[in-house]
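Undergrad:
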Amino acid sequence: NTNSQYIVIMIDPDAPSRANPTSANVLHWVKTDLRIRSTTATNITAENATAPLSYAPPSPPQGSGEHRYVFLLYDQPRRAGFVLQGLPERRPGFNVTAWRELNGLAPAKAGTYLL
């Protein structure tokens, strides 16, 4: 929908390792105000997007094995003055479900991951 805005987050559920994910989920990135350019486009533009939390590139400990980096896309509420709440001061241990509920977001509209 070209009239909608979206929120995307990137997390690492395998920190510090997949075998011992005691710091899951590490929040690497949050972007709001994303828009789809046209109904025929398969990409989302970030031209006027906001980054309420800057990008923190992955830096898994040496020898920790493969990590999954998960991207989740949410519908952004249309209410006037919407401000994203509950962004952590520390990135490890991010509770995606609690954050989503705090902000009144529906479950993720889409998601993907990479290794």
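Our numbering puts the first residue of the sequence shown at 60, with every later residue one more than the last.
Yeah, the Cβ is synthetic: ideal placement off N, Cα and C, and Gly gets one too.
#1: Taking 8 angstroms as the threshold (C-beta atoms), are F153 and V67 in contact?
#2: Mapping DSSP to helix, strand and coil, what is L174?
#3: Is there contact here, the region 142-149 with the region 74-92, by at least three beta-carbon pairs under 8 angstroms?
#4: Quick check on this structure: which residue in P119, Q64, N107 has the alpha carbon closest to the alpha carbon of S82?
#5: Going by DSSP in three states, T81 sits in which element: helix, strand or coil?
#6: Can you give the beta carbon distance from Y133 to K168, rounded, assuming they're within the 8 angstroms contact cut?
#7: Does the Cβ of A74 have 16 or more other Cβ atoms within 10 Å, making it buried, or fewer, making it exposed?
#8: Buried or exposed for L173, going by 16 or more other Cβ atoms inside 10 Å?
#9: Which value, in whole angstroms, describes the spacing of the CA atoms of L131 and P117?
#10: Is it buried or exposed for Q135, if we count other Cβ within 10 angstroms and need 16 for buried?
#11: Could you compute how far the alpha carbon of D71 sits from the alpha carbon of R94?
#12: What residue from S113, A108, S76, N79 has the CA that sits closest to R149's CA?
TA: Here's the rundown:
#1: no
#2: coil
#3: yes
#4: P119
#5: coil
#6: 6 angstroms
#7: buried
#8: exposed
#9: 16 angstroms
#10: buried
#11: 24 angstroms
#12: S113
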